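Enquirer:
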Amino acid sequence: MKPTLTLYNTLTRRKEEFQTIHPNRVGMYVCGPTVYGDPHLGHTRPAITFDLLFRYLQAEGYKVRYVRNITDVGHLEHDADEGEDKIAKKARLEQLEPMEVAHYYTERYHKYMDMMGVLSPSIEPHASGHIMEQIDFVQRILDAGFAYESNGSVYFDVEKYNAVHHYGCLSGRNLDDIVTDTRTLDGQSDKQHSYDFALWKKASPEHIMRWRSPWSDGFPGWHMECSAMSTKYLGEQFDIHGGGMDLMFPHHECEIAQSTAALGHDSARYWVHNNMITINGKKMGKSYNNFITLEQMFNGEHEALEQAYSPMTVRFFILQAHYRSTLDFSNDALKAAEKGLDRLMKGIEALSKSKPAATSSFNAAELAERCEAAMADDLNSPMVISALFDYVKIFNSLADGSHTATAEDLETLKATVNRWVFDILGLKDEKAATAGGGKDLVTPLVEMLLNMRLEAKAAKNWALSDQIRDQLTAIGIRVKDRKDGFDWEIE
Ligand code: ZN
């Protein structure tokens, strides 16, 4: 019997048994990137964490509607209600139309996510394409009495909301803590309280990205897009809401308040947050100026990098840590991930070349059981990987006969590896994949040559046999002779 999936729900602060609202269907919403800069290492963790969950749920037979948004309007420089729109600022500096900036970086995001094996979500809505839905949502909050209009802008009335519901339930704060944390108003503000947040902002004359609304020509507050778009595509209640831990406050806290004010209840059943990638213990991000773009990761051109790291090395590096733990960037850790991934792929190759025996010397079914149990326990990918490594040792010893497996067990193991390594962890054998645009041409070609060499040896044509071996060595393929044939590897 399959173990039951438990997920850590940030809202209740405990692991909960995962139960879907509709049988066999999952609605999942994840906050995507604000597209004003090149995708960097900090973007990879939420993308890969929720890709893992998406892949796993699908492999378990769920029909998943995965919505991941693109923020292309309303994300202001100070993450609140102040400052210039991040995309508009970039557009101004580069003399572009804001949508040119958004389009360019959306394409870059897709390109790099694709390289890292991150599947495209089911729907990828853009905030700027859902202004009407956002205006409707703001109106619902106004109608419910939890917002007020002030000089063409609309603000969420935190105090009024907090009298009925708990503002701060997700991040575990109380209004008192929030009051101390927020700056006092400078007298210029249209807000009643410093902790109130904008649902709609009236645009200043120089603000380019603006839309007509019942209140003013303006633009939606940043938090509004996720409430409006998740409701549009997943309904008023859906299963999972995900994102990085840095979004818990204020972004997700405000989303919960908006949904609860408009709909009478929170939209998401499970709130799932991935922890951050740090560099020397500090959060990595554009605003911290310590970020490494994925382009730099893959070409090695950044002062913090001792070498280039492949997309699968970065993916494996992330999967080797549990998504709720911090993950500190270092060259040593990445190099270890590179070695580990190589070892895993070589083990899988050894398995694929293994010959069946009459009996098995180990329990082949246990690998799948261990992977299932680890993943069902709040997506414990490091435990999945550790189970795989235990079996890599066995796969390697199948070649020298210190372990044996029946034909049936070999098939079981190959299916287990396909499911866990390739389908769910989403890893690829990059060495094989580089040859023929994803199609492994190297293996059949090398084996064809080595089989010709066996024929040459059988015919005692030593000159041809040596020539084949020497020329393969010259292009970096090491050949090892065995009693029953040959082995080879790329150096
Ligand atoms: Zn969001």
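Numbering (our numbering), first residue to last: 27 to 517. Heads up, the beta-carbon is just placed ideally off N, CA and C, and yes, glycines get one too. Quick caveat, the model's predicted, so the values are computed rather than measured.
#1: Is the beta carbon of CYS252 within less than 6 Å of some heavy atom of the ligand ZN?
#2: Are LEU225 and GLU262 closer than 7 Å when you measure CB to CB?
#3: For VAL127, which three-state DSSP category applies?
#4: From THR24 to GLY171, what distance separates their C-alpha atoms?
#5: To the nearest angstrom, how far is it from the Cα of ASN13 to the Cα of ARG134?
#6: In the DSSP assignment, what residue or residues form a beta bridge with ARG508?
#7: What does a CB cutoff of less than 6 Å around PRO151 pick up in its chain, not counting 5 residues either side in sequence?
#8: Out of curiosity, what's the CA-to-CA distance linking ALA359 and LYS309?
#9: Mapping DSSP to helix, strand and coil, what is GLY63?
#10: With a CB to CB cut of under 6 Å and the five nearest residues on each side skipped, what residues in its chain are close to HIS249?
#11: Would you kindly check if the distance between the Cβ of GLU159 and the Cβ of TRP241 is under 7 Å?
#12: Taking LYS137 as the reference, give the member of GLY373, TYR335 and GLU321 with the closest Cα.
#13: Using a Cβ distance threshold of 8 Å, determine whether the region 76-85 contacts the region 395-411, with at least three qualifying pairs required.
#14: Buried or exposed: where does SER154 fall if 16 or more other Cβ atoms within 10 Å of its Cβ makes it buried?
#15: Should THR75 be labelled buried (16 or more other beta-carbon atoms within 10 Å of its own) or exposed?
#16: Of the choices LYS440, TYR349, SER148 and GLY373, whose alpha-carbon is the least far from that of LEU33?
#17: Could you say which of GLU86, ASP449 and PRO382 lies nearest to LYS28 if we only look at CA atoms?
#18: If GLY68 and ILE303 are in contact, beta carbons under 8 Å, what's the gap, nearest whole angstrom?
#19: For the ligand ZN, any of its heavy atoms closer than 6 Å to the Cβ of CYS280?
#20: What would DSSP say about MET54, mapped onto helix, strand or coil?
#21: Who are the Cβ neighbours of ARG508 in its own chain at under 6 Å, not counting the five residues just before and after it?
#22: With a 10 Å radius around its C-beta and 16 neighbouring C-beta atoms as the bar for buried, classify SER230 as buried or exposed.
#23: Quick check: does the Cβ of CYS195 come within less than 6 Å of any heavy atom belonging to the ligand ZN?
#24: Measure from the alpha carbon of GLY143 to the alpha carbon of each residue in THR286, ALA363, THR339 and ILE157, then state which is nearest.
#25: Quick one: does the C-beta of CYS397 sit closer than 6 Å to a heavy atom of the ligand ZN?
#26: Assuming ALA173 is part of the beta strand (DSSP E), what are its boundary residues?
#27: Please classify TYR34: does DSSP put it in a helix, a strand, or coil?
#28: Where DSSP assigns a beta bridge to GLU296, which residues make up the other side?
#29: Can you tell me whether ASN300 is buried or exposed, with buried defined as 16 or more other CB within 10 angstroms of its CB?
#30: Below 8 Å, how does it come out for the region 114-131 and the region 176-193: are there three or more Cβ pairs, yes or no?
#31: Distance, Cα to Cα, ASP547 vs LEU102?
#32: So does THR32 have its beta carbon nearer than 6 Å to some heavy atom of the ligand SAH?
#33: Under three-state DSSP, which class holds ILE303?
#34: Can you name the start and end residues of the alpha helix (DSSP H) that GLU10 belongs to?
Expert: Inspection of the coordinates gives the following:
#1: For the purposes of this step, residue 252 is identified with residue 226 of the sequence shown, where counting begins at 1. Correct: CYS252 has its Cβ closer than 6 Å to the ligand ZN.
#2: To locate residue 225, count along the sequence shown from 1; it is residue 199. To locate residue 262, count along the sequence shown from 1; it is residue 236. No, the pair does not count as a contact, with Cβ atoms beyond the cut-off.
#3: Looking up residue 127 in the sequence shown gives position 101. Of the three classes helix, strand and coil, the one that applies to VAL127 here is helix, per DSSP.
#4: The structure shown does not extend to residue 24, since the chain is modelled only from 27 to 517, so the question has no answer here.
#5: Because the chain spans 27 through 517 in this model, residue 13 falls outside it and cannot be assessed.
#6: Position 482 of the sequence shown, counted from the first residue, corresponds to residue 508. According to DSSP, which records beta bridges pairwise, ARG508 is partnered with GLY511.
#7: Working through the sequence shown from its first residue, we reach residue 151 at position 125. Contacts found: ASN95 and MET255.
#8: Sequence index remark: in the sequence shown, residue 359 carries index 333 (1-based). Sequence index remark: in the sequence shown, residue 309 carries index 283 (1-based). Their backbone Cα atoms lie some 17 Å apart in a straight line.
#9: Walking along the sequence shown from the start, residue 63 turns up at place 37. Reduced to three states, the DSSP call for GLY63 is coil.
#10: To locate residue 249, count along the sequence shown from 1; it is residue 223. Taking C-beta separations shorter than 6 Å and ignoring five residues to either side along the sequence, the partners of HIS249 in its chain run HIS277, CYS280 and GLU281, following chain order.
#11: Numbered from its first residue, the sequence shown carries residue 241 at position 215. Numbered from its first residue, the sequence shown carries residue 159 at position 133. Not in contact: TRP241 and GLU159 (Cβ atoms no closer than 7 Å).
#12: Reading the sequence shown from its first residue, position 111 is the one you call residue 137. Out of GLY373, TYR335 and GLU321, GLU321 has the C-alpha closest to the C-alpha of LYS137.
#13: yes
#14: As a working note, residue 154 is residue 128 in the sequence shown. Label assigned to SER154: buried.
#15: To locate residue 75, count along the sequence shown from 1; it is residue 49. Buried.
#16: Taking the sequence shown and counting its residues from 1, one reaches residue 33 at position 7. Closest by alpha carbon: TYR349.
#17: As a working mapping, residue 28 is identified with position 2 in the sequence shown. Ranking the options by Cα distance to LYS28, first place goes to GLU86.
#18: Walking along the sequence shown from the start, residue 68 turns up at place 42. Walking along the sequence shown from the start, residue 303 turns up at place 277. GLY68 to ILE303, Cβ: 6 Å. Contact.
#19: As a first step, residue 280 must be located in the sequence shown, where it is residue number 254. Of the heavy atoms belonging to the ligand ZN, none sits nearer than 6 Å to the Cβ of CYS280.
#20: As a first step, residue 54 is located in the sequence shown; it is residue number 28 there, counting from the start. For MET54, the three-state secondary structure derived from DSSP is strand.
#21: Along the sequence shown, read from residue 1 onward, the residue named residue 508 stands at position 482. So no residue of the chain qualifies.
#22: Mapped onto the sequence shown, residue 230 falls at position 204. It counts as exposed.
#23: Here residue 195 refers to the residue found at position 169 when the sequence shown is read from its first residue. No, the beta carbon of CYS195 sits no closer than 6 Å to any heavy atom of the ligand ZN.
#24: Residue mapping note: residue 143 aligns to position 117 of the sequence shown, counting from 1. When each option's Cα is compared against that of GLY143, the closest is THR339.
#25: Locating residue 397 in the sequence shown gives position 371, counting from the first residue. No, the Cβ of CYS397 stays beyond 6 Å of every heavy atom of the ligand ZN.
#26: Position 147 of the sequence shown, counted from the first residue, corresponds to residue 173. ALA173 -> beta strand (DSSP E) spans 173-176.
#27: What you label residue 34 is simply residue 8 of the sequence shown in a count that begins at 1. DSSP places TYR34 in strand when its eight states are reduced to three.
#28: Your numbering for residue 296 matches position 270 in the sequence shown. Rather than Glu, the amino acid found at residue 296 in this sequence is Tyr. The partner list for TYR296 (beta bridge, DSSP) reads ILE266.
#29: Translated into positions along the sequence shown, residue 300 becomes position 274. Flag for ASN300 reads buried.
#30: No, they do not touch.
#31: No answer is possible for residue 547: it lies beyond the span of the chain, which begins at 27 and ends at 517.
#32: Looking for the ligand SAH in the displayed structure turns up nothing; the ligands present are the ligand ZN.
#33: As a working mapping, residue 303 is identified with position 277 in the sequence shown. The answer is strand: DSSP assigns ILE303 an E or B state.
#34: The structure shown does not extend to residue 10, since the chain spans only 27 to 517, so no value can be given for it.
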